[in-house]
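Residue numbering for the sequence shown follows our numbering, starting at 7 and increasing by one per position.
Here the structure comes first, spelled out in structure tokens, and everything after it is commentary.
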Amino acid sequence: MVLSACSGAGGGGESAEAYPSKNLDWTIAFGPGGGNDLMARKLVQVIQEEKLYPADIAVENREGGSGATGWGYLLSKRGSGYDVSTTSGSFLTTPLQANPGWTYKDFTHVGLLATDDALLLVDGKSDIKTFEDWVGYAKNKGTVVVGGIGTVNVDFILQSIIAEHAGYDIEYVPYNEEGQVQTSLLSGALDAMISNPGSILGQVESGDMRPLLFTGKERLAALPDVPTGEEKGMTDLPSMPRGLILPPDAPDYARDWWIKTMQKVVKSEQWGKFLADNHLTRDERWGADFTTYLDQTTAEFESTLKEQGAL
Numbered sequence: 007m008v009l010s011a012c013s014g015a016g017g018g019g020e021s022a023e024a025y026p027s028k029n030l031d032w033t034i035a036f037g038p039g040g041g042n043d044l045m046a047r048k049l050v051q052v053i054q055e056e057k058l059y060p061a062d063i064a065v066e067n068r069e070g071g072s073g074a075t076g077w078g079y080l081l082s083k084r085g086s087g088y089d090v091s092t093t094s095g096s097f098l099t100t101p102l103q104a105n106p107g108w109t110y111k112d113f114t115h116v117g118l119l120a121t122d123d124a125l126l127l128v129d130g131k132s133d134i135k136t137f138e139d140w141v142g143y144a145k146n147k148g149t150v151v152v153g154g155i156g157t158v159n160v161d162f163i164l165q166s167i168i169a170e171h172a173g174y175d176i177e178y179v180p181y182n183e184e185g186q187v188q189t190s191l192l193s194g195a196l197d198a199m200i201s202n203p204g205s206i207l208g209q210v211e212s213g214d215m216r217p218l219l220f221t222g223k224e225r226l227a228a229l230p231d232v233p234t235g236e237e238k239g240m241t242d243l244p245s246m247p248r249g250l251i252l253p254p255d256a257p258d259y260a261r262d263w264w265i266k267t268m269q270k271v272v273k274s275e276q277w278g279k280f281l282a283d284n285h286l287t288r289d290e291r292w293g294a295d296f297t298t299y300l301d302q303t304t305a306e307f308e309s310t311l312k313e314q315g316a317l
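In structure tokens form, the structure reads like this:
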């Protein structure tokens, strides 16, 4: 079957047996260097090295609006089986506090691949050595300036929960790119930041940044001296959902192909090493099970944001 090269949709008369046969456009809804970017590029690397996709894959960072720009682009590719994107917390939280023209329900859900916890960090040159030091500093200052990726995202939720629990006030500054947050912290524009271990461990190991708290349930093997939120009395801190989606109304055969393909990817040695190196938690849910997870997680995020007065 000859396919039209200018056809944007995944259907276009294509049969399930012929799929996939065209170049793929992979949208990363944030800038380079962050957790979403790192995971997406690793997935593409594994897919290409394992020769799981028969055509070229173009990867584009389409950042802006806490993910609204990138996922808005994916929304515009309705019906296509040749456009994909990776998810993060903003995929769920951005539509809760703004009207980007879509919600998570609009897209075709392939699967959850992992969840990602975070570190609370200060400048490595700071006199703040422990979480208790940080709390004392924050209370003494009155309001501390903290940053993260996205406006009303998991980063904001974590900063808000930690501050409320410890009894200090924050001014939260959102960014589109990991590098911007890091630069702002090291320049003194921020008092602290939230970041995923995979994005920040290099700066921690070099001494440029100092981690004070980890939001996962167990201490990181790479940072055994950094306490968890649970150790400080904070339970059920949210994680970042790392999954894969297609545009609205993508063909069923495209979704099924991606589910089967990603099931191969997550079994690969490269993916296992990526999870270990970046301290992600393996959590795999496919198709309808991923949708159920998104429903439940969105309800939890909405409840927390309302409690924090963000909605």
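Just so you know, even glycine gets a beta-carbon here, dropped at the ideal spot from N, CA and C.
The structure presented is a predicted model; accordingly, all values stated were derived computationally and were not measured.
Helix, strand or coil at residue i according to DSSP, with G and I counted as helix
i	result
residue 180	strand
residue 314	coil
residue 286	strand
residue 241	coil
residue 158	coil
residue 91	strand
residue 201	strand
residue 261	helix
residue 47	helix
residue 11	With a pLDDT of only 32 at residue 11, under the threshold of 50, the placement of this residue in the model should not be trusted; the figure read from the coordinates follows. Three-state result, residue 11: coil.
residue 79	helix
residue 17	With a pLDDT of 47 at residue 17, under the threshold of 50, the modelled position of this residue cannot be trusted; read the value that follows with caution. Coil at residue 17, not helix or strand.
residue 195	coil
residue 25	coil
residue 39	coil
residue 59	coil
residue 190	helix
residue 169	helix
residue 309	helix
residue 281	helix
residue 271	helix
Counted within 10 angstroms of its Cβ, other Cβ atoms place residue i as buried (16 or more) or exposed
i	result
residue 7	A caution first: residue 7 carries a pLDDT of 28, below 50, which makes its placement in the model unreliable, though a value can still be read off. With fewer than 16 Cβ atoms within 10 Å of its Cβ, residue 7 is classed as exposed.
residue 247	buried
residue 144	buried
residue 309	exposed
residue 216	buried
residue 146	exposed
residue 55	exposed
residue 301	exposed
residue 26	buried
residue 120	buried
residue 93	buried
residue 96	buried
residue 101	buried
residue 295	exposed
residue 122	buried
residue 67	buried
residue 195	exposed
residue 46	buried
residue 35	buried
residue 205	buried
residue 89	buried
residue 60	exposed
Residue-level contact to chain D via CB, residue i, 8 Å cutoff
i	result
residue 22	Protein chain content of the structure displayed is limited to a single chain, and chain D is not contained in it.
Residues that DSSP places opposite residue i in a beta bridge
i	result
residue 115	251
residue 221	Looking at the DSSP assignment, residue 221 forms no beta bridge with any residue, so it has no partner.
residue 66	33
residue 318	The structure shown has nothing for residue 318, since the chain only spans 7 to 317.
residue 175	149
residue 246	122
residue 215	129
residue 234	220
8 Å Cβ cutoff met for residue i and residue j
i	j	result
residue 256	residue 70	no
residue 128	residue 261	no
residue 169	residue 175	yes
residue 159	residue 72	yes
residue 138	residue 40	no
residue 107	residue 76	no
residue 74	residue 221	no
residue 103	residue 305	no
residue 53	residue 187	no
residue 285	residue 219	no
residue 43	residue 37	yes
residue 91	residue 251	yes
residue 98	residue 303	yes
residue 180	residue 142	no
residue 314	residue 166	yes
residue 253	residue 114	yes
residue 280	residue 163	no
residue 207	residue 199	no
residue 130	residue 249	no
Any non-hydrogen atom of the ligand GTP within 7 Å of residue i CB
i	result
residue 289	Questions concerning the ligand GTP fall outside what the structure shown contains, since it holds no ligand whatsoever.
For the region 97-156, which segments carrying the alpha helix (DSSP H) assignment without a break, of at least 4 residues, lie completely within its bounds, in sequence order?
137-147
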